[in-house]
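**Q** Below is a structure I'd like to ask you about.
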Amino acid sequence: MRKRNKYYTIGFAGAGLTLLVQLVVAFAIDPYLAAVFTPFYSVWIILLVVGWRKEHPRR
3 MRKRNKYYTI
13 GFAGAGLTLL
23 VQLVVAFAID
33 PYLAAVFTPF
43 YSVWIILLVV
53 GWRKEHPRR
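In this text, residue positions in the sequence shown follow the working numbering: the first is 3, and each later residue adds one.
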């Protein structure tokens, strides 16, 4: 039995949480302040790529 890839879990959870916080801040406080969270998406994409490379290493 295989364990889940922790990088995928962290990447998708982080992206979802960032989107949720960004939407809450955009509607509750200020739409321009929500743009502060946009750079975090690149971090989550990098984690997904690292997870892909761990799952499918080069031979």
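Every residue gets a Cβ at the ideal spot worked out from N, C-alpha and C, and that includes glycine.
What's the call for glycine 53, buried or exposed, on a 16-neighbour Cβ count within 10 Å?
**A** buried
**Q** Please classify lysine 56: does DSSP put it in a helix, a strand, or coil?
**A** helix
**Q** Quick one: residues in its chain with C-beta nearer than 6 Å to the C-beta of alanine 28, no 5 flanking neighbours on either side, listed in chain order?
**A** Ala36
**Q** Skipping 5 residues on each side, what residues in its chain have a beta carbon closer than 7 Å to that of methionine 3?
**A** With a pLDDT of only 47 at methionine 3, under 50, the local geometry of the prediction cannot be trusted, and no value is derived from it.
**Q** Taking the alpha carbon of glutamine 13 as the reference point, which residue from Lys56, Ala30, Tyr43 has its own alpha carbon closest?
**A** A quick correction: the sequence has glycine, not glutamine, at residue 13. Of Lys56, Ala30, Tyr43, the residue nearest in Cα terms is Tyr43.
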